[in-house]
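Chemist: Mind having a look at this structure? Questions to follow.
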Amino acid sequence: MVYLPDRPLSDDALLANLDSAQAPALLMLTAHVTGEVSVLRPEWRPDLAKLPEGGYAPETATSIRDHCRERLLPLLDSQAEWPELPEDSVRRAICSWLMGEDSEDAQALAEVAFTPDQADPRAADWDLAQVAPERTLRAVVIGAGFSGLLAALRLKQAGVPFTILEKSSNVAGTWAQNTYPNCRTDVPSHVYTYTFVPHDWETYFGTQQAIFDYLNEFALKNGLLEHVRFDTEVTATRWDAASASWTIETRTADGDVSSTEAEVVVSAVGQLSRPLIPRIEGLDTFEGPVVHSAEWDHDLDFTGKRVAVIGTGASALQFAPAVARDAAQVTIFQRSAPWLRPTPELRKPIDPAERWLFAHLNHYRAYYRFSVFLPRLIGNLPAATVDPDYPPTEVSVSAANDQLRMQLTDYLIEQAGDRRDLLEKIIPDYPPAAKRIIRDDGTWVSTLKRDNVRLIGQAVQRIDKDGVWSGDEHVPADIILLGTGFRASEFLMPMKVTGVDGQDLHETWGIDASAYLGITLPGFPNFFCMYGPNTNTVIHGNLVFFLECQAAYMLSAVRLLASGSHTSMDLRPDVFADYDDEVTEESAKRAWGWSKTHSWYQNAAGRSTIMWPLPARTYYERTREVRTDDYQLS
């Protein structure tokens, strides 16, 4: 449900629902429509930490809505004629007002952070049949999750023939695989979407089912499903220089082996696709069910059972509270405590009146999203940056990091209340941003306070047939649940990728996966990664936006291949080496690269192959189009 220009909007209907509007979005919309930036009063500037609401006193929010209502009512009949984009001066004023400063980073990203409904500004603006009518150019996309579907749409828009190979029987990737109780995104719903595909979200943070439905609807509406070969896993890809093409070997769920050829391969296998089963002595001897969060068994009955939960990452913090409501006893084994970000609206539904505004008031959804999206893209990288003069410790790595630590610690102390015994277990012993900061609405600590829940603040030593050992204590268990995450740093595994002169990608990488902008590699022509190495974000940026950047770069590269009559493009080794050095150096300056605490951000050698260590603006600008000089073209 999104705004449609020909949909009638009565004054009475608007008046009936406007009290549910978020004041910052409404103010920016009013400035856009009227061109009057004077409505953006300094005293009405929102608290960035409290967007989309803005942190206003109730009477201030009411005054803002009344002010905007007065200016919008005379213009309602002409909604369809409202300018699609604000004038540059208005956009700059809106951006400066929202961010509280005239930041060039924010101004540069504001251009892409605001997308009108029904608009797709980064769609392919070329067609293969026109650019190279005689050219044979086929593509294979590996994976049908968020990134694979996006890449496929861009190829379709450009008229490039393509096939999607998907190992499972559904699209949606990790959102089809992870079905454990309370599974949801920890990114606001209106940001965890394609920029150009708005959706009628029912909750502030989308549930697994809602995101699954969103991606299926996207694939259906864009005619992508007929291009998917389901239950088909790619086992190997091999470059052939003579034909300038890739041979992609596959195996179906029934065991049938076959191969296909394509000039372009887009690997969209994701980082969160292969569950990490911990190597714990005796795990295979346990006589009860052992279930990983990504392989949930919905036939399990926890009623009256003793349940051991191993891990306190994002998935465990979602499923453990649900399990605790039914189980007789839940014992949670924690190697290190998570930092929690207070998010009261985490599980709350969006007011139906505001959902009405998203659907009926032109630009409201776009500015609501803008108010959340732009500050998130700018983020708080300084709070994750090491200050050598501070000096950095495993408590905090800079003054800004320490300020964040104090804010998050205060929240944990407040949550613990009179349970002082919990504090030493729930306050992390590493700097914020060294690991993922998990959103929380009070559910986690309240779960730990339950009479039938016990938190053990140390790792599991071993497991036997009927329980778990932690130190000298044996904890009996009927069921073991693994919240141990994914093998995120093992990119493209177990697929074998063979490039120029027979070089094996995984042998080339070792444990240090790296790709230029997370997308291309020397010696592997016409091969593009989506959500590749060092393209995740922790305290700045946005994953789906990064995927859109990668898709834009890939499409630019494919156009270069087609329009220049080139058969292959291979990244120059010196370009890759310079980039790899830069990312390694910059990662070491961030909390996740400096801290010795263990996290999925790091590989076995302690190097972060997961996180993007530079500003989001840098990534956006470097991926806008391919630089021809970066590649050897033939």
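Count along the sequence shown from 1, add 1017, and you get the number used in the working numbering.
We treat Cβ as the ideally placed atom computed from N, Cα and C, and that holds for glycine.
1. Which two residues bound the contiguous beta strand (DSSP E) that contains residue 1689?
2. Under DSSP, the beta strand (DSSP E) around residue 1463 begins and ends at which residues?
3. Where does residue 1355 sit, in a helix, a strand or coil, going by DSSP?
4. Would you be able to state if there are at least three C-beta pairs under 8 Å between the stretch 1440-1456 and the stretch 1257-1267?
5. Determine which residues share a DSSP beta bridge with residue 1553 and list them.
6. Look at the Cβ atom of residue 1289, then the Cβ atom of residue 1480, and state whether they are nearer than 7 Å.
7. Closest to residue 1068 by CA distance: which of 1221, 1345, 1421 is it?
8. Look at residue 1384 and residue 1030 and say whether their C-beta atoms are less than 7 Å apart.
9. Using the Cβ count rule (16 or more neighbours within 10 Å means buried), how would you classify residue 1410?
10. How should residue 1528 be labelled, buried or exposed, when 16 other C-beta atoms within 10 angstroms of its C-beta is the threshold for buried?
11. Looking at residue 1343: is its Cβ nearer than 7 Å to the Cβ of residue 1375?
12. Does the count of Cβ pairs from the stretch 1096-1110 and the stretch 1042-1054 closer than 8 Å reach three?
13. Check whether the stretch 1612-1626 touches the stretch 1405-1422, counting contact only when three or more Cβ pairs, one atom from each stretch, lie closer than 8 Å.
14. Between which two residues does the alpha helix (DSSP H) carrying residue 1292 extend?
15. My guess is that residue 1506 and residue 1627 are in contact by the Cβ rule of under 8 Å, so how many angstroms apart are they, rounded?
16. Let me know the secondary structure DSSP gives residue 1510 once reduced to three states.
17. Helix, strand or coil, according to DSSP, for residue 1050 in the structure here?
18. Going by the beta-carbon positions, is the gap between residue 1181 and residue 1169 smaller than 7 Å?
19. Per DSSP, which residues does residue 1103 bridge with? Please list them.
20. To the nearest angstrom, report how far apart residue 1240 and residue 1228 are at their CA atoms.
21. Reducing DSSP to helix, strand and coil, say where residue 1648 ends up.
22. Need the endpoints of the alpha helix (DSSP H) that residue 1373 sits in, please.
23. Would residue 1363 pass as a contact of residue 1456 if the rule is Cβ separation under 7 Å?
24. Where residue 1131 and residue 1210 are concerned, what is the direct C-alpha to C-alpha distance, given to the nearest angstrom?
25. Pairing CB atoms from the stretch 1546-1560 with CB atoms from the stretch 1380-1396, are three or more of them under 8 Å?
26. Just tell me which of 1035, 1034, 1082, 1088 has its CA closest to the CA of residue 1053.
27. Report yes if the C-beta distance between residue 1630 and residue 1651 is below 7 Å; otherwise report no.
28. Kindly confirm or deny that the stretch 1637-1650 and the stretch 1571-1581 touch, where touching means at least three C-beta pairs closer than 8 Å.
29. Are the CB atoms of residue 1472 and residue 1297 within a distance shorter than 7 Å?
30. Can you give me the C-alpha to C-alpha distance between residue 1658 and residue 1509, rounded to a whole angstrom?
31. Would you tell me roughly how many angstroms separate the C-alpha atoms of residue 1634 and residue 1116, rounded to the nearest one?
32. Between which two residues does the beta strand (DSSP E) carrying residue 1220 extend?
33. Look at residue 1400 and residue 1429 and say whether their C-beta atoms are less than 7 Å apart.
34. Once the 5 residues before and after residue 1526 are set aside, which same chain residues still bring their CB inside 8 Å of it?
35. With distances taken from CA atoms, which of 1517, 1500, 1501, 1524 is nearest residue 1511?
36. Can residue 1564 and residue 1639 be called in contact, C-beta distance under 7 Å?
Modeler: Straight from the coordinates:
1. With the chain covering only 1018 through 1651, there is no way to say anything about residue 1689.
2. Counting along the chain, no beta strand (DSSP E) covers residue 1463; the unbroken alpha helix (DSSP H) around it starts and ends at 1460-1465.
3. Residue 1355 carries a coil assignment under DSSP once its states are collapsed to helix, strand and coil.
4. Contact between the stretch 1257-1267 and the stretch 1440-1456 is absent: fewer than three C-beta pairs spanning the two stretches fall below 8 Å.
5. Its beta-bridge partners are 1628.
6. No, they are not a contact pair.
7. Looking at 1221, 1345, 1421, the one whose alpha-carbon comes closest to that of residue 1068 is 1221.
8. For the pair residue 1384 and residue 1030, the CB atoms are not nearer than the 7 Å cut-off.
9. For residue 1410, the number of other beta carbons within 10 angstroms of its own is below 16, and it is reported as exposed.
10. Residue 1528 comes out exposed.
11. The answer is no: Cβ separation not under 7 Å.
12. The count of Cβ pairs closer than 8 Å, one atom from the stretch 1096-1110 and one from the stretch 1042-1054, reaches three, so the stretches are in contact.
13. Proximity of the stretch 1612-1626 to the stretch 1405-1422 meets the contact definition, three or more beta-carbon pairs being nearer than 8 Å.
14. Where residue 1292 is concerned, there is no enclosing alpha helix (DSSP H), given that its DSSP letter is neither H nor E.
15. Yes, they are in contact, since the Cβ atoms of residue 1506 and residue 1627 sit about 6 Å apart, within 8 Å.
16. Residue 1510: coil per DSSP, three-state reduction.
17. Helix.
18. Their beta carbons are under 7 Å apart, which means residue 1181 touches residue 1169 by this criterion.
19. DSSP output for residue 1103 lists no bridge partner at all.
20. C-alpha of residue 1240 to C-alpha of residue 1228: approximately 18 Å in a straight line.
21. In the three-state scheme derived from DSSP, where H, G and I count as helix and E and B as strand, residue 1648 is classed as strand.
22. Bounds of the alpha helix (DSSP H) holding residue 1373 are 1369-1377.
23. With respect to residue 1456, residue 1363 sits close: the two C-beta atoms are nearer than 7 Å.
24. Straight-line measurement puts the Cα of residue 1210 at about 13 Å from the Cα of residue 1131.
25. For the pair of segments examined, the stretch 1546-1560 was found to touch the stretch 1380-1396: the number of CB pairs separated by less than 8 Å reaches three.
26. The residue with the shortest Cα to Cα distance from residue 1053 is 1088.
27. No. Outside cutoff.
28. Of all C-beta pairs linking the stretch 1637-1650 to the stretch 1571-1581, three or more are shorter than 8 Å, placing the two stretches in contact.
29. Not in contact: residue 1297 and residue 1472 (Cβ atoms no closer than 7 Å).
30. Any question about residue 1658 goes unanswered here, given that the chain covers just 1018 to 1651.
31. Looking at the two C-alpha atoms, the distance is approximately 15 Å.
32. Counting along the chain, residue 1220 falls outside any beta strand (DSSP E), and DSSP gives it neither H nor E.
33. No; because the gap between Cβ atoms is not below 7 Å, this pair is not in contact.
34. Excluding residues up to 5 positions away in sequence, 1508 lie with their Cβ nearer than 8 Å to the Cβ of residue 1526 in the same chain.
35. Considering only alpha carbons, the answer is 1524.
36. Cβ atoms of residue 1564 and residue 1639: not closer than 7 Å.
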